[in-house]
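Colleague: What follows is a structure written as structure tokens; I'll ask about it next.
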Amino acid sequence: MTRRTERPSLEDIRPELADPQRRLFLRGTLSLGALSLLTGCDLMDGDSVDNALMAMSRWNDRVQAWLFSRARLAPTYPASAITKPFPFNAFYRQSQAPVIDGATYRLELSGRIADKTPWTVEGLRGLPQESQITRHVCVEGWSAIGQWSGVPFATFLKRVGADTRARYVGFRCADGYYSSIDMPTALHPQTIMALDYGGSPLPPKYGYPMKLRIPTKLGFKNPKHIAAIFVTNDYPGGYWEDKGYNWFSGI
Amino acid sequence: MSGETRSTNPSTGPSAKRRAIHPFMVRLTHWINAAALIAMVMSGWRIYDASPIFPFRFPGSITLGGWLAGALAWHFAAMWLLVLNGLIYVGYGLVSGHFRQALLPLTPAGVWRDFRAALALRLPHALGRYNAVQRLLYVGVILLLTLAVLSGLAIWKPVQLHPLTALLGGYDTARIVHFLAMSGIVGFFVVHIALVILVPRTLPPMIVGGSVPDAGDALPEARP
Numbered sequence: 468m469t470r471r472t473e474r475p476s477l478e479d480i481r482p483e484l485a486d487p488q489r490r491l492f493l494r495g496t497l498s499l500g501a502l503s504l505l506t507g508c509d510l511m512d513g514d515s516v517d518n519a520l521m522a523m524s525r526w527n528d529r530v531q532a533w534l535f536s537r538a539r540l541a542p543t544y545p546a547s548a549i550t551k552p553f554p555f556n557a558f559y560r561q562s563q564a565p566v567i568d569g570a571t572y573r574l575e576l577s578g579r580i581a582d583k584t585p586w587t588v589e590g591l592r593g594l595p596q597e598s599q600i601t602r603h604v605c606v607e608g609w610s611a612i613g614q615w616s617g618v619p620f621a622t623f624l625k626r627v628g629a630d631t632r633a634r635y636v637g638f639r640c641a642d643g644y645y646s647s648i649d650m651p652t653a654l655h656p657q658t659i660m661a662l663d664y665g666g667s668p669l670p671p672k673y674g675y676p677m678k679l680r681i682p683t684k685l686g687f688k689n690p691k692h693i694a695a696i697f698v699t700n701d702y703p704g705g706y707w708e709d710k711g712y713n714w715f716s717g718i
Numbered sequence: 019m020s021g022e023t024r025s026t027n028p029s030t031g032p033s034a035k036r037r038a039i040h041p042f043m044v045r046l047t048h049w050i051n052a053a054a055l056i057a058m059v060m061s062g063w064r065i066y067d068a069s070p071i072f073p074f075r076f077p078g079s080i081t082l083g084g085w086l087a088g089a090l091a092w093h094f095a096a097m098w099l100l101v102l103n104g105l106i107y108v109g110y111g112l113v114s115g116h117f118r119q120a121l122l123p124l125t126p127a128g129v130w131r132d133f134r135a136a137l138a139l140r141l142p143h144a145l146g147r148y149n150a151v152q153r154l155l156y157v158g159v160i161l162l163l164t165l166a167v168l169s170g171l172a173i174w175k176p177v178q179l180h181p182l183t184a185l186l187g188g189y190d191t192a193r194i195v196h197f198l199a200m201s202g203i204v205g206f207f208v209v210h211i212a213l214v215i216l217v218p219r220t221l222p223p224m225i226v227g228g229s230v231p232d233a234g235d236a237l238p239e240a241r242p
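So the sequences go chain by chain: A and B. Going letter by letter, the first sequence gives residues 468 to 718 in the numbering used here. Going letter by letter, the second sequence gives residues 19 to 242 in the numbering used here.
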């Protein structure tokens, strides 16, 4: 995908893993003029600028949470509007997408959940299903329309006795990805545990056996290959979020 | 600096009244706007490069943020400065009468007359008094900035602000509108800087202020 060009390679990321506090927003070339205009200081102190930008990002999390409405539904589209082929996008190549055995797959639950019994694919298919044709908006700017079907996440959370007054729902994925969302978004009627894409079980590239489809958030907040779900009041972060992308990332 | 002290009634007769070339609030919001806009445009170019909508990219060396996450962080931080400063400017412009005095009247005939005069190098440049071409450019860039903010909101929140996104033609079209608004603003910036280089005495008053004798509304050489 030519659209993945802004993603840093693992080599770019590794130095930051050693010091996750330092996000290096100023990596690369930066106009000193613009910097001094904005900071009012002549010294290029990357850390303080990074800290200011992260403070603004947390402020934007709050503004977006305030702007988010449980009643506001994402627009839906006719089947004729579906983007074909729907683009693959991840921090690895399509050929590296994990291949998961649906027969042995178990969805693990932890945290503030009453019934932590693991779920099978068949068990999830036994719950009420909903379908949606919605627009997936990538943080890179491109968008694509797709059709997903699965279990409304609110139905699932209530079924397992999740504490829906908790702040976060976190996800750990079979491909090493991880992310987290706010509880209001988790309970939004269009947030679904997608099992199907285009009427067929998700292929590996789209997140078999289950991904979270959240049409009110940017694409990277739609984790694929979900292996574990947990409910918590402690900020869980996420794969891209910990590298400096905005956490709420609502649309 | 006081605000605009110019009398709006020319019948008050001759006086030693002076008026501010650029009122303090105009100078303050001008430079904050310049800083916010440079950050918005340079970070916006980096965001554009992540998924170009036209067959070109901006060179990384003239962008801000280093990579997509950094550019987004700059963009969504500087947007607050741009919008809050813009609201203060518009509020001041409406309440103080600055807009009415500095930007009006604006008529096609006046623009055409001053445009021809400018091409013939016969257009006088009175400090703090805008000719019709300047008025058109300033009103135009204010409208472009408004369009940039609205189209930016439309692509930031295509679900929560869906009516706005729909008004701008949907998500993909709103991205193009946002790009075109940026292009217009950058075009203004180029002309604006070129004119300041051509008439450098206009720069100090925008920094330190100052006043000139109040000659009423007269820009005599440019008016029939």
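Even glycine gets a Cβ: it sits at the ideal position worked out from N, Cα and C.
For B/H196, which three-state DSSP category applies?
Modeller: One-based indexing of the second sequence puts residue 196 of chain B at position 178. B/H196 falls in the helix class under three-state DSSP.
Colleague: Just verifying my parser: in three-state terms, what is the DSSP assignment at A/R597?
Modeller: Working through the first sequence from its first residue, we reach residue 597 of chain A at position 130. This sequence places Glu at residue 597 of chain A; Arg is not what is there. Correct three-state label for A/E597: strand.
Colleague: Is there a C-beta anywhere in chain A that falls below 7 Å from the one on B/Y107?
Modeller: As a working note, residue 107 of chain B is residue 89 in the second sequence. No, because no Cβ of chain A sits closer than 7 Å to the Cβ of B/Y107.
Colleague: Excluding the 5 residues flanking B/L165 on each side, which residues of the same chain have their C-beta closer than 6 Å to its C-beta?
Modeller: In the second sequence, residue 165 of chain B corresponds to position 147, counting from 1. Excluding positions up to five away in sequence, the list reads A199.
Colleague: Kindly identify the DSSP beta-bridge partner or partners of A/Y664.
Modeller: Locating residue 664 of chain A in the first sequence gives position 197, counting from the first residue. Answer by DSSP bridge pairing, in chain order: A/W615 and A/S667.
Colleague: Since B/A172 and B/A192 are thought to touch, with beta carbons under 8 Å apart, how far apart are those beta carbons, to the nearest angstrom?
Modeller: Taking the first residue of the second sequence as 1, we reach residue 172 of chain B at position 154. Taking the first residue of the second sequence as 1, we reach residue 192 of chain B at position 174. The pair is a contact, with the Cβ atoms about 4 Å apart (cut-off 8 Å).
Colleague: Rounded to the nearest angstrom, how far is the Cβ of A/T550 from that of A/I612, given a contact under 8 Å?
Modeller: Your numbering for residue 550 of chain A matches position 83 in the first sequence. Your numbering for residue 612 of chain A matches position 145 in the first sequence. Confirmed, Cβ separation roughly 5 Å.
Colleague: Exposed or buried, what is B/I225 when buried is set at 16 or more other beta-carbons lying within 10 Å of its beta-carbon?
Modeller: Counting from 1 along the second sequence, the entry for residue 225 of chain B is found at position 207. It counts as exposed.
Colleague: Quick check on B/F94 - is its C-beta less than 7 Å from some C-beta in chain A?
Modeller: Translated into positions along the second sequence, residue 94 of chain B becomes position 76. Output row for B/F94: interface = yes.
Colleague: With 7 Å as the threshold, decide whether the Cβ of B/Q178 is near any Cβ in chain A.
Modeller: As a first step, residue 178 of chain B must be located in the second sequence, where it is residue number 160. For B/Q178, the answer is yes, since a Cβ of chain A falls inside 7 Å of its Cβ.
Colleague: Measure from the C-beta of B/Y148 to each C-beta in chain A and report whether the shortest distance is under 7 Å.
Modeller: For the purposes of this step, residue 148 of chain B is taken as residue 130 along the second sequence, with counting starting at 1. No - not a single Cβ of chain A is within 7 Å of the one on B/Y148.
Colleague: Exposed or buried, A/D517, counting other C-beta atoms within 10 Å across all chains shown (16 or more means buried)?
Modeller: For the purposes of this step, residue 517 of chain A is taken as the residue at position 50 of the first sequence. Buried, because 16 or more other Cβ atoms sit within 10 Å of the Cβ of A/D517.
Colleague: How would you list, in chain order, the residues of chain B whose beta-carbon sits under 8 Å from the beta-carbon of A/K710?
Modeller: For the purposes of this step, residue 710 of chain A is taken as residue 243 along the first sequence, with counting starting at 1. Those are A87, listed as they occur along chain B.
Colleague: Can you tell me the Cα-Cα spacing of B/A53 and B/F42, whole angstroms?
Modeller: Position 35 of the second sequence, counted from the start, is the residue given in the question as residue 53 of chain B. Position 24 of the second sequence, counted from the start, is the residue given in the question as residue 42 of chain B. When rounded, the distance between both Cα atoms is 17 Å.
Colleague: How about A/I567 and A/A641: are their beta carbons less than 7 Å apart?
Modeller: Translated into the one-based positions of the first sequence, residue 567 of chain A becomes position 100. Translated into the one-based positions of the first sequence, residue 641 of chain A becomes position 174. Taking 7 Å as the Cβ cut-off, A/I567 and A/A641 qualify as a contacting pair.
Colleague: Under DSSP, the beta strand (DSSP E) around A/G578 begins and ends at which residues?
Modeller: Reading the first sequence from its first residue, position 111 is the one you call residue 578 of chain A. Segment E575 to G578, the beta strand (DSSP E) holding A/G578.
Colleague: Which residue comes first and which comes last in the alpha helix (DSSP H) that contains B/S61?
Modeller: Reading the second sequence from its first residue, position 43 is the one you call residue 61 of chain B. Counting along the chain, the alpha helix (DSSP H) containing B/S61 begins and ends at F42 to A68.
Colleague: Looking at A/I693: is its Cβ nearer than 7 Å to the Cβ of A/M677?
Modeller: For the purposes of this step, residue 693 of chain A is taken as residue 226 along the first sequence, with counting starting at 1. For the purposes of this step, residue 677 of chain A is taken as residue 210 along the first sequence, with counting starting at 1. It is a contact, given that the beta carbons lie within the stated cut-off.
Colleague: Do A/Q561 and A/K691 have their C-beta atoms closer together than 7 Å?
Modeller: By 1-based counting over the first sequence, the position of residue 561 of chain A is 94. By 1-based counting over the first sequence, the position of residue 691 of chain A is 224. No, they are not a contact pair.
Colleague: Roughly how many whole angstroms lie between the Cα atoms of B/Y148 and B/I106?
Modeller: Here residue 148 of chain B is taken as the residue at index 130 of the second sequence, counted from 1. Here residue 106 of chain B is taken as the residue at index 88 of the second sequence, counted from 1. Each residue's alpha carbon lies about 21 Å from the other.
Colleague: Using a Cβ-Cβ cut-off of 7 Å, state whether B/A91 counts as contacting chain A.
Modeller: As a working note, residue 91 of chain B is residue 73 in the second sequence. By this cut-off, B/A91 is an interface position.
Colleague: For a contact meaning CB atoms closer than 9 Å, what does B/Y156 contact in chain A?
Modeller: As a first step, residue 156 of chain B is located in the second sequence; it is residue number 138 there, counting from the start. Residues of chain A passing the Cβ test: none, with the nearest at roughly 22 Å.
Colleague: When we look at the beta-carbon of A/G608 and count the other beta-carbons within 10 Å, is it buried (16 or more) or exposed?
Modeller: Counting from one through the first sequence, the residue named residue 608 of chain A turns up at place 141. The residue is buried, with at least 16 neighbouring Cβ atoms inside 10 Å.
Colleague: For chain A, find out if any of its Cβ atoms is closer than 7 Å to the Cβ of B/A166; answer yes or no.
Modeller: On the second sequence, position 148 is the one that residue 166 of chain B refers to. For B/A166, the answer is no, since every Cβ of chain A falls outside 7 Å of its Cβ.
Colleague: Just to confirm my understanding: we take B/E22, look at its own chain, exclude 5 residues before and 5 after, and list those with CB closer than 8 Å. What are they?
Modeller: Residue 22 of chain B sits at position 4 when you count from the first residue of the second sequence. Confidence in B/E22 is poor, its pLDDT being 43 and thus under 50, which makes the residue's placement unreliable; the coordinate value appears in the next sentence. Around B/E22: R37, A38, P41, S114, G115, H116 and Q119.
Colleague: How many angstroms separate the CA atom of A/W707 from the CA atom of A/F687?
Modeller: The sequence position of residue 707 of chain A within the first sequence is 240, counting from 1. The sequence position of residue 687 of chain A within the first sequence is 220, counting from 1. About 8 Å.
Colleague: Which chain B residues are close to A/W609, counting only those with a beta carbon under 7 Å from its beta carbon?
Modeller: Within the first sequence, residue 609 of chain A is the residue found at index 142, counting from 1. Neighbours of A/W609 in chain B, taken as residues at a C-beta separation under 7 Å, are given in chain order as S69.
Colleague: On the CB-based measure, 16 or more other CB atoms within 10 Å of its CB, does A/Y712 come out buried or exposed?
Modeller: To locate residue 712 of chain A, count along the first sequence from 1; it is residue 245. It counts as buried.
Colleague: Are any of the Cβ atoms in chain B nearer than 7 Å to that of A/G689?
Modeller: The count along the first sequence starts at 1 and reaches residue 689 of chain A at position 222. It is worth fixing the name first, because residue 689 of chain A is Asn in this sequence and not Gly. No, because no Cβ of chain B sits closer than 7 Å to the Cβ of A/N689.
Colleague: Mind checking who A/S610 pairs with in its DSSP beta bridge?
Modeller: Residue mapping note: residue 610 of chain A aligns to position 143 of the first sequence, counting from 1. Looking at the DSSP assignment, A/S610 forms a beta bridge with A/V604.
Colleague: Per DSSP, what kind of secondary structure is B/P126 in: helix, strand or coil?
Modeller: Your numbering for residue 126 of chain B matches position 108 in the second sequence. The answer is helix: DSSP assigns B/P126 an H, G or I state.
Colleague: What residues are listed by DSSP as bridge partners for A/K678?
Modeller: Counted from its first residue, the first sequence places residue 678 of chain A at position 211. DSSP output for A/K678 lists A/A661 as bridge partner(s).
Colleague: Cβ closer than 7 Å: which chain B residues qualify as neighbours of A/S536?
Modeller: Against the first sequence, residue 536 of chain A aligns to sequence position 69. The answer, in chain order, is Q178.
Colleague: Determine the contact status of A/G628 and A/D663, defining contact as a CB-CB distance below 7 Å.
Modeller: In the first sequence, counting from the first residue as 1, residue 628 of chain A sits at position 161. In the first sequence, counting from the first residue as 1, residue 663 of chain A sits at position 196. In this structure, A/D663 does not lie closer than 7 Å to A/G628 by Cβ.
Colleague: Going along the chain, which residues of its own chain have a beta-carbon closer than 8 Å to the beta-carbon of A/P542, five neighbours each way excluded?
Modeller: Here the question's residue 542 of chain A lines up with position 75 in the first sequence. The residues are T601 and R602.
Colleague: Taking only the alpha-carbon atoms, compute the straight-line gap between B/W92 and B/H48 and give it to the nearest angstrom.
Modeller: Reading the second sequence from its first residue, position 74 is the one you call residue 92 of chain B. Reading the second sequence from its first residue, position 30 is the one you call residue 48 of chain B. Cα to Cα, B/W92 sits roughly 20 Å from B/H48.
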